[in-house]
Amino acid sequence: MSLSSSVIPVVLVVLVASAAVAQPGTPPGRERKARQLTLRAQEPPVLHALHVAAGEVTTVTFDAPIVPDSVDRAALAPFFSRVGVYADALVLKASVDLPEGRGPVLTVRFAGEGAPAQVGFVLTTVDAEVDSQVEVFRHGRTAQELGKELADLRARCAVTEAGFATLRAQCALSGLGGAVLTGAITRYGVAVHYLSGPTASLGMKAEGPHVLYRSGATLALETTLINSHEARTWVPGVARVTPQDSDGGALPVREYPLLMREKRLEPGTRAPVVVEWYVPPEAPPGTTFTLELLDTTGERGVRWEQVTP
Numbered sequence: 116m117s118l119s120s121s122v123i124p125v126v127l128v129v130l131v132a133s134a135a136v137a138q139p140g141t142p143p144g145r146e147r148k149a150r151q152l153t154l155r156a157q158e159p160p161v162l163h164a165l166h167v168a169a170g171e172v173t174t175v176t177f178d179a180p181i182v183p184d185s186v187d188r189a190a191l192a193p194f195f196s197r198v199g200v201y202a203d204a205l206v207l208k209a210s211v212d213l214p215e216g217r218g219p220v221l222t223v224r225f226a227g228e229g230a231p232a233q234v235g236f237v238l239t240t241v242d243a244e245v246d247s248q249v250e251v252f253r254h255g256r257t258a259q260e261l262g263k264e265l266a267d268l269r270a271r272c273a274v275t276e277a278g279f280a281t282l283r284a285q286c287a288l289s290g291l292g293g294a295v296l297t298g299a300i301t302r303y304g305v306a307v308h309y310l311s312g313p314t315a316s317l318g319m320k321a322e323g324p325h326v327l328y329r330s331g332a333t334l335a336l337e338t339t340l341i342n343s344h345e346a347r348t349w350v351p352g353v354a355r356v357t358p359q360d361s362d363g364g365a366l367p368v369r370e371y372p373l374l375m376r377e378k379r380l381e382p383g384t385r386a387p388v389v390v391e392w393y394v395p396p397e398a399p400p401g402t403t404f405t406l407e408l409l410d411t412t413g414e415r416g417v418r419w420e421q422v423t424p
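In terms of this note's numbering, the sequence shown is residues 116 to 424.
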């Protein structure tokens with residue numbers, strides 16, 4: 116495979132850097148990072164550093180299918196408590212730190228024809244950072260494609276930031292008294308309903324009870340999300356609320372932040388999730404809602420349809 120000159124050859128961009136929670140034997144200043152790596156077909160294969168650390172989960176995703184049997188699990192077993200190899204992803208959880216020169220080399224071969232045929236990683240541990248998520252692109256992307264992705268990301272960030280601005284204003288008036296002052300609780304009290312299970316599970320599961328609270332035009336859904344042992348790390352994104360009138364017409368979609376104590380759901384974990392949303396003033400009587408709880412990719416989560424507030 117050859118890439119046009121408009122393709123950016125190597126992209127290794129830090130997208131997210133958040134302070135890591137200190138763990139036994141983990142330097143308190145270590146950062147969890149998410150990176151993107153675009154391979155270059157015209158050059159000989161090179162080894163890329165993959166920073167792992169004891170007790171930390173590293174997820175590597177690929178934009179093209181890989182050959183699971185190409186990963187030498189036996190070589191990784193002494194250093195990792197978990198090695199998950201899937202059609203387009205790897206999930207690694209190191210059991211020990213790997214100083215430079217002591218870690219194995221991880222080679223992953225791509226399925227099908229084309230170049231590059233494989234990608235290699237040198238597994239090491241450093242004090243400053245650990246790779247939490249790494250996206251590997253076998254097929255180069257044009258500057259126009261990268262520009263569109265950036266524009267979409269900025270638009271999503273703007274919507275999310277607007278939702279956070281509302282929450283910040285409400286947090287300034289916390290507690291029961293603040294809820295009364297903000298109108299989240301009215302003199303008519305709070306109505307409690309229970310929803311049945313989600314209409315669709317999009318790579319995640321939701322465990323009940325699924326409690327829907329309402330006071331005035333303010334609603335809050337409480338549920339518990341479960342990430343399976345075989346899945347990738349799930350990072351909370353937004354709740355997408357789509358109103359539909361009684362004639363089946365869709366009103367403007369709104370997005371609200373997901374409220375969780377945890378920053379992410381590692382494979383095999385669960386956590387309670389709450390989303391606060393609102394019935395828009397222009398919604399006519401009989402309006403129902405489609406409610407989706409999604410991760411940062413907008414692809415994995417759960418969905419309820421025909422929700423009556």
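Yeah, the Cβ is synthetic: ideal placement off N, Cα and C, and Gly gets one too. A quick note: this is a predicted structure, and the numbers were derived from the prediction, not measured.
**Report entry** Where R150 falls: helix, strand or coil (DSSP)
**Finding:** Residue mapping note: residue 150 aligns to position 35 of the sequence shown, counting from 1. Of the three classes helix, strand and coil, the one that applies to R150 here is strand, per DSSP.
Query raised in the report: Residues in its own chain within less than 8 Å of P139 by CB, not counting five upstream and five downstream?
Result: Counting from one through the sequence shown, the residue named residue 139 turns up at place 24. The predicted model places P139 with a pLDDT of 42, which falls under 50 and marks its position as unreliable; any figure quoted below should be read in that light. Once the five neighbours on either side are set aside, the close Cβ partners of P139 are G170.
Query - Cβ-Cβ separation, P424 to V394 (assumed contact under 8 Å), whole Å - result: Here residue 394 is taken as the residue at index 279 of the sequence shown, counted from 1. Here residue 424 is taken as the residue at index 309 of the sequence shown, counted from 1. The pair is a contact, with the Cβ atoms about 5 Å apart (cut-off 8 Å).
Query raised in the report: For the alpha helix (DSSP H) that contains R188, what are its first and last residues?
Result: Taking the first residue of the sequence shown as 1, we reach residue 188 at position 73. Per DSSP, R188 belongs to the alpha helix (DSSP H) from 188 to 191.
Requested in this report: Select from V186, G199, E322, G235 the residue whose C-alpha is nearest the C-alpha of P159.
Outcome: The count along the sequence shown starts at 1 and reaches residue 159 at position 44. Measuring from the Cα of P159, the nearest candidate turns out to be G235.
Query raised in the report: Considering only residues of the segment 181 to 264, which uninterrupted alpha helix (DSSP H) runs meet the minimum length of 4 residues and lie entirely inside it, listed in chain order?
Result: 188 to 191
Query raised in the report: For the beta strand (DSSP E) that contains V356, what are its first and last residues?
Result: Counting from one through the sequence shown, the residue named residue 356 turns up at place 241. Residues 351 to 359.
Report task. For S247, count neighbouring C-beta atoms within 10 Å of its own C-beta (all shown protein chains included) and say buried if the count is 16 or more, exposed if not. Result -> Walking along the sequence shown from the start, residue 247 turns up at place 132. S247 should be labelled buried.
Query raised in the report: Can E397 and A386 be called in contact, C-beta distance under 8 Å?
Result: Along the sequence shown, read from residue 1 onward, the residue named residue 397 stands at position 282. Along the sequence shown, read from residue 1 onward, the residue named residue 386 stands at position 271. The answer is no: Cβ separation not under 8 Å.
Query raised in the report: Thinking C-beta only, is Y371 closer than 8 Å to G112?
Result: Outside the modelled stretch of the chain, which goes from 116 to 424, sits residue 112, for which no answer is possible.
Query raised in the report: CA-CA distance, F404 and T314?
Result: Position 289 of the sequence shown holds residue 404. Position 199 of the sequence shown holds residue 314. Approximately 12 Å, taken between the alpha carbons.
Query raised in the report: Is the segment 192 to 209 in contact with the segment 260 to 274, if contact means three or more CB pairs nearer than 8 Å?
Result: no
Requested in this report: Grab me the residues of P219's own chain with a C-beta within less than 7 Å of its C-beta, minus the 5 sequence neighbours each way, in chain order.
Outcome: Here residue 219 refers to the residue found at position 104 of the sequence shown. Cβ within range, chain order: A190, L191, F194, L238.
Report task. Between the Cα of E381 and those of F177, S343, T301, spot the shortest distance and give me the residue it belongs to. Result -> The residue given as residue 381 occupies position 266 in the sequence shown. Taking only the C-alpha atoms, the option nearest E381 is S343.
Query raised in the report: So what's G416 in DSSP terms, helix, strand or just coil?
Result: For the purposes of this step, residue 416 is taken as the residue at position 301 of the sequence shown. Strand at G416.
**Report entry** Proximity to L213 [Cα-Cα], best of D242, V223, P399, S185
**Finding:** Within the sequence shown, numbered from 1, the residue matching residue 213 stands at position 98. Selected option, being the one with the closest Cα: D242.
Report task. Could you tell me the distance, in whole angstroms, from the CA atom of V388 to the CA atom of H325? Result -> For the purposes of this step, residue 388 is taken as the residue at position 273 of the sequence shown. For the purposes of this step, residue 325 is taken as the residue at position 210 of the sequence shown. The straight-line gap from Cα to Cα measures roughly 10 Å.
Requested in this report: Whole angstroms is fine: what's the gap from G229's alpha carbon to G318's?
Outcome: Taking the sequence shown and counting its residues from 1, the one referred to as residue 229 is at position 114. Taking the sequence shown and counting its residues from 1, the one referred to as residue 318 is at position 203. In a straight line, the C-alpha of G229 is about 30 Å away from that of G318.
Requested in this report: Taking 8 Å as the cut-off, decide whether the C-beta atoms of R418 and W349 are in contact.
Outcome: In the sequence shown, residue 418 corresponds to position 303, counting from 1. In the sequence shown, residue 349 corresponds to position 234, counting from 1. No; because the gap between Cβ atoms is not below 8 Å, this pair is not in contact.
Report task. Less than 8 Å between the CB atoms is what I'm expecting for L373 and L408, so what's the real figure, rounded? Result -> One-based indexing of the sequence shown puts residue 373 at position 258. One-based indexing of the sequence shown puts residue 408 at position 293. About 6 Å; that satisfies the 8 Å criterion.
Report task. For L162, collect the residues of the same chain with a Cβ closer than 8 Å to its Cβ; drop the 5 residues on either side in sequence, then sort them by chain order. Result -> Here residue 162 is taken as the residue at index 47 of the sequence shown, counted from 1. Closer than 8 Å at the Cβ level, and outside the excluded window around L162, lie V220, G235, F236, V237.
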